[in-house]
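What follows is a set of notes on a single structure, which appears directly below.
Protein chains in written order, with the working numbering: chain A, 1 to 550; chain B, 1001 to 1341.
Below, the structure written as C-alpha cells:
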C-alpha cells in the first residue's frame, strides 16, 4: 500500500462500505470481508447441523425408533457429525475471527497471501456444496468416523462423494493454516515481538501448525477409503487383504489433533476475553502461550486412546494413555491461569465475560471427563457410550462454540461498528448455559449406565435421561436463535460502537470500527507488552473524567 | 450405577467414583473461585485499572506438578484394571462368538449354540474368542463393565467372571450399519445347577472340536495333513501352542490367530519344508467353521492352552479316538518333528 491509499481510507470509508457490488464481495482480497464470507458460510452449516441435532434428539424421546427409520436416523446423526465437525467447528473461529482479527492484531494490512485466503473460502464453499449434494442425493450413514469395512464395502450410501467433499475441504483448512503461519512470522508490526503477541495469536499459531501437519493425513485416509470403495483395492477390508484397524490409526492421527484445531482457537479467544473484561494482564502469559504449543505437539501423540478396545496392542495403549495425561496438563495450566487472572481484576460481567466464565466451567467438566476416558480400565466400559458423547459435547459445544460466541460478541462492534443489545446478550448466554447443561449432563449418566452411541432405538430404562436431554436441546436451540436475531437487528439498529467500546487493549481496538480496508491509517508501532491497560487511551480518559467529577 | 455382575464391576465402579469425586472437587473449586472472584472484584468505576499481577513461578510449578502426579496415579490405576481385563486366565470356559450384521452367535464347547443370548455359569471364568463375518462390531456387557471390539479378519478375546445370577444387557457398541441398535441381546448368568439344566435342555450339536473333525475330513484336509511320511502338508497333531519355524527362518506361535490365517491365507506364513500347494479356504468356510477346525486342531494338540472346564472336557473325549490321529503323544513336541523326513 502506498501512502496515498492510506490517506484516502481516512474518514468514513471502511471495509464494509468500500464497494457494494456482489463482485466487490465475491472477488474481495480483504481478510475482513473474507472473514464475513466465512461467517455466512459456517452459520449456514451450523444451522443445518443444528436441525439434524434436533431430529436426533426428537427421535430419542421415545425408546422405540418411531419417528424415522433406522436408516434415516443413521444418516441424520452422520450428517450432524460431519457438518458440525468439518464444515462448522474446524473452520469456525480460525476462518471467521482469525481471518478478521489476525492481521489487525499484528498491525498488518492483510494476511500474507490474500489471494490464497480467498481461494480457501472458495474451496470451502465448493466442498460444502458437494457435501450438500451428497445430502440430497441420498446422504451417508457411516457416522462421521467412516470406519471400514462398513464404509468401504457394506454401506450403500454416498460415501465416496462425501469423502471427496471432505478431501477437498481439507485444502481450505491447510491453506488457511499456512497463510496464518506465514502472516504471524512475517507481518508483525514494528516492535511486536513474539512475547508481545496477544494469546489469541499464539493459539492460532498452534492451531495452524496442526492444520498444516495433520490435515494431509486425513486427506490420504479418505482417499484410501475411496480407492477401496470404488476400485476394490484392499487397504482396510480383511476380505480384500486389508486391515480395518489401520484405518482407525490413520483416521485418529488427524482427528484427535483436529479436536485441538477446534478447541485451541477458542482458548485463545477466552484468554482475550478474560484479560480485557478484567483489565488484567493474563496471569502467567508465557505459560498460557507455550501451553498452546504443547497441546499442538502432544496432541499428535495420543490418537490411540480412541482405540483401547479395538484390539490395539495393550502396551501401545498404555503409552497412548500416559501421553494423553501429559496433554491434559497444558489445558489445566490454562484453566488455573485464567482463574488467577480474574483474581483482583476489574471484572465486567458483560456478555463476552459471561461466555468466558461459562467456558471455564464447562471446559473444566469436559476436560476432567476426558481423564475418565483416558483411564484405560474405565474407558473399556465407557467407550462408544453416551458418556463419550457427553464428554466431547462439553468440549466442542461447551468449549469451542461457547468461545466462538463469546468472541463474536466481543468483536462484533469491531466487525460491524455496532453494539448488540447487551441485555439480550446476557439473557441468551444464560439460556445457552442452562440448556447446554440440561442437554448433555444427563448423557454422562445414561452413558455410564451403558447406553451405546448411535442407537436408533434403546432399552426403555434409559428413557428418562433422554427426555431431559431433549428438553435441554430445545432450550439450547432457543438460546442459539436469539443471538441470530439480535445480531441481524444490530447491524442496522445497534448503537454505534466507536473504535474501542469496552475499552480493550490490543491493536485491533486502535483503529476505527469497522476498520478501513487497509486496517490502519498509519503503521502501528508496538512499544509494550499485551494487556497493558494503563496505555489504553479510553480507560485513561474515563479515569480522568471520574477524577474531575469527584 | 448399573448393576454389578462381574468381578470387574466393583473395581471399575470404585475407580469411577474416585474420579467423580476428583472431578467434583476440581470443578467446584474452580467454579467457586471464578464465581467469587467475578462478584468480589466487579468493576467499580469506568476508569478503574486494577493493580497488575505478572504471574508467579511458584504457583505455576505447583499447578503443573500436582496435577501431573495425580494424572500419573490415575494412569497407573486405569492401566492396572485394563491389564487384568485383557489378560485372560489360563483356566477358563471358552466360548466362541461371531458377530454378523445384525446378530450375535455363540458356540459353547459342548456344542450348544445360541443367537443373541449367552448363558453362563456364575462364579466361573469365561473367555470369549470373537470374530466378525462382515464389519466391525463390539461386544459390550454393561453389567460386567467389559467391552471388546469384534473385528473381521482377526480374533479378539475378552474375559470376565460373572458373580451374580440374573439377566443382563448385551449391546453392540461399534456402529455396524442400519440395524446397529437392534444388535442387542441378553446375557443370562445361572447357578451351577440351573446352568447344568440349561446345558442338558439345549439342543446340542456336535461339539466344535467334533464338528471340526468332520470338516477336516469333509474338506479333505487330511489328504495332505494326514500324517504319513511324505505328506504334502505338516501333520497337525501336537502343533497347537508350539513354536513353528517358517520357511524364512522366523518362528511363530501356532495359536488361534496363526491357524486361522493359515486356513484362509495359507502361504502368508508357511512352515519350513513345505511347498506352496495349499489352496485358500477363504469364502469356502464360515468363521464358525474356521473356529471348529481350530477347535479340532487344539483338541489334538499337546495341551489345551486354556482347557475347558471338567464338565465340558468330559463331553468331548473324542480327540483321542480320531481315526487319523495317533493317541495323544506323551512327548508332543517330538510328535510333530518326524513328519518332515
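Think of the CB as a built atom: it goes at the ideal place given N, C-alpha and C, for glycine as much as any other residue.
Task: Chain-ordered residues of the stretch 67-101 of chain A with a beta carbon less than 7 Å from chain B - done: 70, 71, 74
TODO: Assess, as a yes-or-no matter, whether the stretch 241-259 of chain A is touched by the stretch 221-228 of chain A under the definition of 3 or more beta carbon pairs within less than 8 Å.
DONE: yes
Open item on the list: I need the DSSP call for residue 1224 of chain B, collapsed to helix, strand or coil.
Closed with: Counted from its first residue, the second chain places residue 1224 of chain B at position 224. DSSP places residue 1224 of chain B in helix when its eight states are reduced to three.
Task: residue 1001 of chain B, buried or exposed, once every other Cβ within 10 Å from all chains shown has been counted against 16 - done: By one-based count along the second chain, residue 1001 of chain B stands at place 1. Exposed, by the Cβ-count rule.
Task: Proximity test, Cβ basis, 7 Å: residue 1303 of chain B and chain A - done: Taking the first residue of the second chain as 1, we reach residue 1303 of chain B at position 303. Per-residue confidence for residue 1303 of chain B stands at a pLDDT of 48, beneath the threshold of 50, marking its modelled position as unreliable; the derived number appears in the next sentence. No, no contact with chain A.
TODO: Using the DSSP secondary-structure output, state which residues sit across from residue 1172 of chain B in a beta bridge.
DONE: Translated into the one-based positions of the second chain, residue 1172 of chain B becomes position 172. DSSP, once it has assigned bridges, lists B/1139 as partnering residue 1172 of chain B.
TODO: Would you kindly check if the distance between the Cβ of residue 330 of chain A and the Cβ of residue 291 of chain A is under 7 Å?
DONE: For the purposes of this step, residue 291 of chain A is taken as residue 291 along the first chain, with counting starting at 1. For the purposes of this step, residue 330 of chain A is taken as residue 330 along the first chain, with counting starting at 1. For residue 291 of chain A and residue 330 of chain A, yes; Cβs fall inside 7 Å.
Open item on the list: Tell me which residues share the same chain as residue 1084 of chain B and place their Cβ nearer than 6 Å to its Cβ, disregarding the 5 neighbours each side in the sequence.
Closed with: Position 84 of the second chain, counted from the first residue, corresponds to residue 1084 of chain B. No residues qualify anywhere along the chain.
Task: Proximity winner among B/1267, B/1218, B/1249, B/1208, relative to residue 1233 of chain B (alpha-carbon distances) - done: As a working mapping, residue 1233 of chain B is identified with position 233 in the second chain. Of the listed residues, the one whose Cα sits closest to residue 1233 of chain B is B/1267.
Open item on the list: Tell me which residues of the stretch 270-281 of chain A have at least one Cβ-Cβ distance to chain B shorter than 8 Å, keeping chain order.
Closed with: 278, 279, 280, 281
Task: CA nearest to the CA of residue 406 of chain A, picked from A/451, A/425, A/456 - done: Within the first chain, numbered from 1, the residue matching residue 406 of chain A stands at position 406. It is A/425.
- [ ] Run the CB neighbour count on residue 110 of chain A, radius 10 Å, all protein chains shown included, and call it buried at 16 or more, exposed below.
- [x] Taking the first residue of the first chain as 1, we reach residue 110 of chain A at position 110. Classification of residue 110 of chain A: buried, given that the 10 Å Cβ count is 16 or more.
Task: Coarse secondary structure for residue 1317 of chain B, derived from DSSP in three states - done: Here the question's residue 1317 of chain B lines up with position 317 in the second chain. In this prediction, residue 1317 of chain B scores a pLDDT of 39, lower than 50, which makes its location untrustworthy; no coordinate-derived value is stated.
TODO: Return the residue from the list A/479, A/341, A/523 that minimises the CA-CA distance to residue 288 of chain A.
DONE: Here residue 288 of chain A refers to the residue found at position 288 of the first chain. Comparing Cα-Cα distances from residue 288 of chain A to each of A/479, A/341, A/523, the minimum goes to A/341.
Open item on the list: Check for me: the alpha helix (DSSP H) holding residue 1033 of chain B runs from which residue to which?
Closed with: Numbered from its first residue, the second chain carries residue 1033 of chain B at position 33. From DSSP, the alpha helix (DSSP H) with residue 1033 of chain B extends over 1007-1040.
Task: Close Cβ partners of residue 525 of chain A (< 6 Å) along its chain, the five nearest in sequence each way excluded - done: Here residue 525 of chain A is taken as the residue at index 525 of the first chain, counted from 1. So the list reads 190, 191, once near-sequence residues are dropped.
Open item on the list: Please report the distance separating the alpha-carbon of residue 1078 of chain B from that of residue 1012 of chain B.
Closed with: Taking the first residue of the second chain as 1, we reach residue 1078 of chain B at position 78. Taking the first residue of the second chain as 1, we reach residue 1012 of chain B at position 12. Going by the C-alpha atoms only, they are around 9 Å apart.
Open item on the list: Give me the chain B residues within the contact set of residue 238 of chain A, using Cβ-Cβ distance strictly less than 7 Å, ordered along the chain.
Closed with: Within the first chain, the letter at position 238 stands for residue 238 of chain A. Ordered by position in chain B, the residues that pass the 7 Å Cβ test against residue 238 of chain A are 1152, 1153.
Task: Nearest-angstrom Cβ-Cβ length linking residue 1260 of chain B and residue 1111 of chain B, presumed shorter than 8 Å - done: Your numbering for residue 1260 of chain B matches position 260 in the second chain. Your numbering for residue 1111 of chain B matches position 111 in the second chain. Incorrect: roughly 20 Å between the Cβ atoms, too far for contact.
Task: Spatially closest choice to residue 146 of chain A from A/416, A/29, A/529, A/163, by CA coordinates - done: Residue 146 of chain A sits at position 146 when you count from the first residue of the first chain. Checking every option, the nearest Cα to that of residue 146 of chain A belongs to A/163.
Task: Contacting residues, own chain, Cβ-Cβ under 7 Å from residue 1082 of chain B (five flanking each side not counted) - done: Taking the second chain and counting its residues from 1, the one referred to as residue 1082 of chain B is at position 82. Counting only Cβ-Cβ distances below 7 Å, and skipping sequence neighbours, we find nothing.
Task: Length of the line joining the Cα atoms of residue 446 of chain A and residue 242 of chain A - done: Translated into the one-based positions of the first chain, residue 446 of chain A becomes position 446. Translated into the one-based positions of the first chain, residue 242 of chain A becomes position 242. Rounded to the nearest angstrom, the two C-alpha atoms are 36 Å apart.
Task: Opposing strand residues paired with residue 1118 of chain B [DSSP bridges] - done: Your numbering for residue 1118 of chain B matches position 118 in the second chain. Paired residues: B/1187.
Open item on the list: Bridge partners for residue 452 of chain A per DSSP, in chain order?
Closed with: Residue 452 of chain A sits at position 452 when you count from the first residue of the first chain. DSSP output for residue 452 of chain A lists A/385 as bridge partner(s).
Open item on the list: Quick check: residue 317 of chain A and residue 376 of chain A, are their CB atoms within less than 7 Å of each other?
Closed with: As a position in the first chain, residue 317 of chain A is number 317, starting the count at 1. As a position in the first chain, residue 376 of chain A is number 376, starting the count at 1. Yes, the pair counts as a contact, with Cβ atoms nearer than the cut-off.
- [ ] Report yes or no: do three or more beta-carbon pairs, one from the stretch 505-515 of chain A and one from the stretch 103-122 of chain A, lie closer than 8 Å?
- [x] yes
Open item on the list: Run through chain B and tell me which residues come within less than 9 Å of residue 433 of chain A, C-beta to C-beta.
Closed with: For this step, residue 433 of chain A is matched to residue 433 along the first chain. Under the 9 Å cutoff, chain B gives no residues; its nearest Cβ is about 12 Å from residue 433 of chain A.
- [ ] Note down, in chain order, all residues in the stretch 523-534 of chain A with a beta-carbon under 9 Å from any beta-carbon belonging to chain B.
- [x] 531, 532, 533, 534
Open item on the list: Tell me the rounded alpha-carbon separation between residue 1046 of chain B and residue 1173 of chain B.
Closed with: Sequence index remark: in the second chain, residue 1046 of chain B carries index 46 (1-based). Sequence index remark: in the second chain, residue 1173 of chain B carries index 173 (1-based). If you take the alpha carbons of residue 1046 of chain B and residue 1173 of chain B, they lie about 56 Å apart.
Open item on the list: Suppose the cutoff is 8 Å on Cβ atoms and the five residues either side in sequence are ignored; what does the same chain contact list for residue 368 of chain A look like?
Closed with: For the purposes of this step, residue 368 of chain A is identified with residue 368 of the first chain, where counting begins at 1. Nothing meets the Cβ criterion.
Open item on the list: Counting beta carbon pairs with one atom in the stretch 344-363 of chain A and one in the stretch 299-314 of chain A, are three or more of them shorter than 8 Å?
Closed with: no
TODO: Express the C-alpha separation of residue 199 of chain A and residue 285 of chain A in angstroms, rounding to a whole number.
DONE: As a working mapping, residue 285 of chain A is identified with position 285 in the first chain. As a working mapping, residue 199 of chain A is identified with position 199 in the first chain. Residue 285 of chain A and residue 199 of chain A: Cα-Cα distance of roughly 8 Å.
Task: Residues that residue 384 of chain A contacts on chain B, provided the C-beta gap is smaller than 7 Å - done: To locate residue 384 of chain A, count along the first chain from 1; it is residue 384. By Cβ distance, chain B contributes 1138, 1173, 1174.
Open item on the list: For residue 1096 of chain B, count the other beta carbons within 10 Å of its own beta carbon; 16 or more makes it buried, fewer makes it exposed. Which is it?
Closed with: Numbered from its first residue, the second chain carries residue 1096 of chain B at position 96. The residue in question, residue 1096 of chain B, is buried, as its Cβ has 16 or more Cβ neighbours within 10 Å.
Task: Separation of residue 1131 of chain B from residue 1175 of chain B, as counted between CA atoms - done: The count along the second chain starts at 1 and reaches residue 1175 of chain B at position 175. The count along the second chain starts at 1 and reaches residue 1131 of chain B at position 131. So the alpha carbons of these two residues sit roughly 15 Å apart.
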